[in-house]
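Structure record follows, encoded as structure tokens.
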Amino acid sequence: MSAALALGDDALVLSHRLGEWAGHAPVLEEEVALANIALDLLGQARMLLSSVGDEDELAFLREERSFRNVQLVEQPNGDFAHTIARQLYFSVYQHLLYEQLAAGTGEFADLATKAVKEVAYHRDHAERWVLRLGDGTAESHERMQNGLDALWRFTGELFRPVEGLDVDGESLHGSWSSAVTSVVERATLRLPSGPQSSAWSAGAGRQGLHTEPFGRMLAEMQHLHRSHPGASW
Amino acid sequence: MVTETLLEAELHRLAGSVPDPELPVLTLDELGVLRGVRMDGPDHVTVQLTPTYTGCPAIEAMSADIERVLRDHGVAEVSVVTVLAPAWSTDDISDEGRRKLAEFGIAPPRPGGPSGPVPLTLSVRCPHCGSTDTELLSRFSSTACKALRRCVACREPFDHFKEL
Numbered sequence: 282m283s284a285a286l287a288l289g290d291d292a293l294v295l296s297h298r299l300g301e302w303a304g305h306a307p308v309l310e311e312e313v314a315l316a317n318i319a320l321d322l323l324g325q326a327r328m329l330l331s332s333v334g335d336e337d338e339l340a341f342l343r344e345e346r347s348f349r350n351v352q353l354v355e356q357p358n359g360d361f362a363h364t365i366a367r368q369l370y371f372s373v374y375q376h377l378l379y380e381q382l383a384a385g386t387g388e389f390a391d392l393a394t395k396a397v398k399e400v401a402y403h404r405d406h407a408e409r410w411v412l413r414l415g416d417g418t419a420e421s422h423e424r425m426q427n428g429l430d431a432l433w434r435f436t437g438e439l440f441r442p443v444e445g446l447d448v449d450g451e452s453l454h455g456s457w458s459s460a461v462t463s464v465v466e467r468a469t470l471r472l473p474s475g476p477q478s479s480a481w482s483a484g485a486g487r488q489g490l491h492t493e494p495f496g497r498m499l500a501e502m503q504h505l506h507r508s509h510p511g512a513s514w
Numbered sequence: 470m471v472t473e474t475l476l477e478a479e480l481h482r483l484a485g486s487v488p489d490p491e492l493p494v495l496t497l498d499e500l501g502v503l504r505g506v507r508m509d510g511p512d513h514v515t516v517q518l519t520p521t522y523t524g525c526p527a528i529e530a531m532s533a534d535i536e537r538v539l540r541d542h543g544v545a546e547v548s549v550v551t552v553l554a555p556a557w558s559t560d561d562i563s564d565e566g567r568r569k570l571a572e573f574g575i576a577p578p579r580p581g582g583p584s585g586p587v588p589l590t591l592s593v594r595c596p597h598c599g600s601t602d603t604e605l606l607s608r609f610s611s612t613a614c615k616a617l618r619r620c621v622a623c624r625e626p627f628d629h630f631k632e633l
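For the protein sequence lines, the chains are A and B, in the order given.
Under my numbering, read the first sequence as residues 282 to 514, first letter to last.
Under my numbering, read the second sequence as residues 470 to 633, first letter to last.
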């Protein structure tokens, strides 16, 4: 499997999920913020996918089993706190990953050097919302905790080795855990205690095994291109 | 960067004078996104452009505008290529560019882009009344490169070109 496909699919799929908030976010500023984060991710996806093939064919004409994103990013948005939990888990991971890649000399060094500065803002956005919701009202606290708990079992997959990606998964996992723990504790929340992946289902997105909501997301994302091949603005 | 010939320097000046499609008060040269202009043959020019943000949609409009300007000046074939390294930073915006941003009502980025988690401790000056007593409303504003702030003194909201 190509590492560019794994990283590109992570960015593409999360970008699409965040785009689904357009018209639904709780306040205008968040509408704009989530769309901006989605745009940054789409930019990463276009560069990564273009490096291994035709970006449109890869995005719009592949079947579910050919996508190599982690299962975390394909999870439905849920409520706002659920989306923020997904943002926290993913943006901390991506920030630490790109820092490692930017410090190296591999094929992703240039992109990572560029994107790590953008992802720092995504991470900052997620961390601040976790603090506000966790340390907010009883209702926001409970919803934030529910989001963290529900997505915890998808976090283990982030640290599995990816062929062609020269990163130290173990140290990445360590840094991620201490960063996430620090935010969660400051937000008066509880770090979920269960396993970070379940025995047979969670954690196989990199092998092309996806969760049930992903097929429906792809159907919506791809339907226009498939119905009107070659259409452009 | 390889030294440019006189002709290349002239073409660089022309390409650099193209206004930014989203912030038309700035030229591409002032924004710092033009990386080089090279004559590959008698009729062919390659222009190197770097994106501000990886997902910046303006890059396509910039490429089209550069191509048009150079064609209008008699260059038969123009290729605009995107380069990522070294990564663009808000420190690449010229002093003149910063002055124009403030004049346009956008607080210019502070020097020294962030590294790691975003430090935002230095105050941002209100482009309307000049007060440094301003507060952050949202990290993300009308475009990816801007944050939304409000002046506590004059109560006006304003865009801030955030550090990258």
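Note that beta-carbon positions come from the ideal geometry of N, C-alpha and C, so glycine has one too.
### Query
Should B:Arg540 be labelled buried (16 or more other beta-carbon atoms within 10 Å of its own) or exposed?
exposed
### Query
Does the Cβ of A:His406 have 16 or more other Cβ atoms within 10 Å, making it buried, or fewer, making it exposed?
buried
### Query
So, does the CB of B:Gly524 fall closer than 8 Å to a CB anywhere in chain A?
yes
### Task
Determine the burial state of A:Gln488: buried for a count of at least 16 other Cβ atoms within 10 Å of its Cβ, exposed for fewer.
exposed
### Query
Taking the Cβ atom as the reference point for each residue, do A:Glu444 and A:Ala284 lie within a distance shorter than 8 Å?
yes
### Query
Would you say the segment 409 to 419 of chain A touches the segment 467 to 476 of chain A, given that touching needs at least three Cβ pairs under 8 Å?
yes
### Query
Under the rule that 16 or more other beta-carbon atoms within 10 Å means buried, what is A:Pro476, buried or exposed?
exposed
### Task
Verify whether the separation of the beta carbon atoms of B:Tyr467 and B:Ala616 is less than 8 Å.
Outside the shown range of chain B (470 to 633) lies residue 467 of chain B, about which nothing can therefore be said.
### Query
How about A:Asn350: is its C-beta nearer than 8 Å to some C-beta of chain B?
no
### Task
Return the chain-ordered list of same chain residues with a C-beta closer than 6 Å to the C-beta of A:Phe348, the five sequence neighbours on each side being excluded.
Asp290
### Message
Just to confirm, is the Cβ distance from A:Leu322 to A:Ala303 under 8 Å?
### Response
no
### Query
Taking just the CA atoms, how far does A:Leu377 sit from A:Trp457?
7 Å
### Query
With burial defined as no fewer than 16 other Cβ atoms inside 10 Å of the residue's Cβ, what is the status of B:Thr601: buried or exposed?
exposed
### Message
Strictly by DSSP, which residues pair up with B:Thr515?
### Response
B:Arg507, B:Ser548
### Query
A:Ser452 lies in the alpha helix (DSSP H); which residues open and close that run?
450 to 467
### Query
Going along the chain, which residues of the segment 599 to 616 of chain B sit with their C-beta nearer than 7 Å to a C-beta in chain D?
Absent from the structure is chain D; the protein chains it does hold are A and B.
### Task
Report, in whole angstroms, the separation of the C-beta atoms of B:Leu480 and B:Val544, which I expect to be a contact under 8 Å.
7 Å
### Query
For chain A, is any of its Cβ atoms less than 8 Å away from the one on B:Leu503?
no
### Task
Anything in chain B within Cβ reach of A:Val333, meaning under 7 Å, just list it in chain order.
Under the 7 Å cutoff, chain B gives no residues; its nearest Cβ is about 16 Å from A:Val333.
### Message
Tell me whether A:Leu299, by its Cβ, gets closer than 7 Å to a heavy atom of the ligand ZN.
### Response
By its list of ligands, the structure shown contains no ligand whatsoever, and the ligand ZN lies outside what it can speak to.
#### Entry: Residue from A:Ala340, A:Arg434, A:Ser478, A:His403 with nearest C-alpha to B:Phe609
Nearest option by C-alpha distance: A:His403.
### Message
Looking at the secondary structure, which residues open and close the alpha helix (DSSP H) in which A:Arg441 lies?
### Response
Element bounds for A:Arg441: n/a, residue is neither H nor E.
### Query
Does the beta carbon of B:Gly585 come closer than 8 Å to any beta carbon on chain A?
Note that B:Gly585 scores a pLDDT of 49, beneath 50, so its modelled location is shaky; the value from the coordinates is reported in the next line. Judged by the 8 Å Cβ criterion, B:Gly585 is in contact with chain A.
### Message
Measuring CB atoms only, is the segment 624 to 633 of chain B touching the segment 550 to 560 of chain B, in the sense that at least three cross pairs come out at less than 8 Å?
### Response
With the cut-off at 8 Å, the segment 624 to 633 of chain B and the segment 550 to 560 of chain B touch.
### Task
Thinking A:Val411 and A:Leu369 are a contact (beta carbons under 8 Å), I'd like their distance in whole angstroms, please.
Contact between A:Val411 and A:Leu369 holds: their C-beta atoms lie close to 5 Å from each other, under 8 Å.
### Query
Exposed or buried, B:Glu604, counting other C-beta atoms within 10 Å across all chains shown (16 or more means buried)?
Exposed, because fewer than 16 other Cβ atoms sit within 10 Å of the Cβ of B:Glu604.
### Task
Look at the Cβ atom of B:Thr519, then the Cβ atom of B:Leu553, and state whether they are nearer than 8 Å.
yes
### Message
Run through chain A and tell me which residues come within less than 9 Å of B:Leu475, C-beta to C-beta.
### Response
One finds nothing in chain A with a Cβ atom closer than 9 Å to the Cβ of B:Leu475; even the nearest lies about 31 Å away.
### Coil, strand or helix - A:Glu388 by DSSP
It is coil, neither helix nor strand.
### Task
Give a yes or no on whether 8 Å exceeds the smallest Cβ distance from B:Leu633 to chain A.
yes
### Message
If you measure between the beta carbons of A:Glu345 and A:Phe440, is that distance less than 8 Å?
### Response
For A:Glu345 and A:Phe440, no; Cβs fall outside 8 Å.
### Task
Go through its chain and collect everything with a Cβ distance to B:Glu536's Cβ below 7 Å, but skip five positions before and after it.
Val547, Val549
### Message
Tell me the rounded alpha-carbon separation between A:Leu453 and A:Ala431.
### Response
22 Å
### Message
By the three-class DSSP mapping on this structure, what secondary structure does B:Lys631 have?
### Response
Of the three classes helix, strand and coil, the one that applies to B:Lys631 here is coil, per DSSP.
### Task
With a 10 Å radius around its C-beta and 16 neighbouring C-beta atoms as the bar for buried, classify B:Gly510 as buried or exposed.
exposed
#### Entry: 8 Å Cβ cutoff, B:Ala554 in contact with chain A
yes
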